[in-house]
Amino acid sequence: MIWRASAPSELPQAAVLPILCPRLQAREVTAALTGPDKGFQVARDWQKNTAAEVGDVTCADSAPRSNAKVLICGTRVVIDNWKEVLNSHAFGKATSLYDTNPVTGRTSGDPIADAFVLKMRRHSAFLAVADGVNWGEAPMRAARCAVNAIYEHLESNLFL
């Protein structure tokens with residue numbers, strides 16, 4: 001069934017799913033993937049030993065050789081230890097559709113400027129995708145930093 005409305009309040013009750021209180025949601029991660037390669041994790045590598053402040057959200061590395069980050073939003077704090085979790089029900093892969101140079105064997109569009117992160121729990125999931133628009137170092141950094149920002153925002157605001 002398809003419902004149409006110009007505002008959420010105009011939708012019938014059957015069309016609106018209740019949002020579970022974060023404390024009631026299952027915290028166990030059943031799938032977690034990022035890409036290409038290390039995906040948004042390279043954005044964390046670029047930020048090593050630095051802190052970035054935006055509004056009331058402060059993100060800083062908790063250990064210099066770890067992928068762990070301390071995420072703070074208001075009075076809530078979480079240590080985020082990203083770990084890839086493979087699952088047969090979730091899959092993600094980033095690849096280039098550009099042609100391959102017959103002499104060098106390299107893809108014309110290296111490095112791939114797109115990025116994604118997928119995280120799935122029992123009652124919830126999110127997928128963030130960023131198109132780096134073109135190829136090269138700058139679009140790749142922009143896409144991976146964008147996916148990192150989305151991931152940190154969702155983890156610190158929805159899943160605490």
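Counting along the sequence shown from 1, when you hit position 27 you're at 27 in the UniProt record's numbering, and nothing is skipped either side.
Cβ coordinates follow ideal geometry from the N, Cα and C atoms, glycine included.
Counting the other CB atoms within 10 Å of its CB gives MET1 a total below 16, which places it among the exposed residues.
In this structure, ALA143 is the residue among ARG44, ALA143, HIS153 and GLN13 with its C-alpha nearest to the C-alpha of ILE112. For LYS83, DSSP records no beta bridge to any residue.
Taking the Cα of TRP82 as reference, the smallest distance to any Cα among GLU10, TRP135, ALA31 and GLY136 is reached at ALA31. If you compare the alpha carbons of ASN134, VAL133, MET140 and VAL129 with that of ILE150, the shortest gap goes to VAL129. Shown here, ALA32 sits in a strand according to DSSP, grouped into three states. ALA115 is not a Cβ neighbour of LEU33, given a cutoff of 8 Å.
Assignment of ALA5 by DSSP, reduced to helix, strand and coil, places it in the coil class.
When the beta-carbon positions are compared, MET120 and ASN87 come within less than 8 Å of each other. In this chain, VAL103 is not harboured by any alpha helix (DSSP H), its DSSP state being neither H nor E.
ALA94 sits in coil when the DSSP states are folded into three classes, being neither helix nor strand. Scanning its chain for C-beta atoms nearer than 6 Å, with the 5 sequence neighbours on each side dropped, one finds around VAL85 the residues VAL29, ALA31 and ALA32, in chain order.
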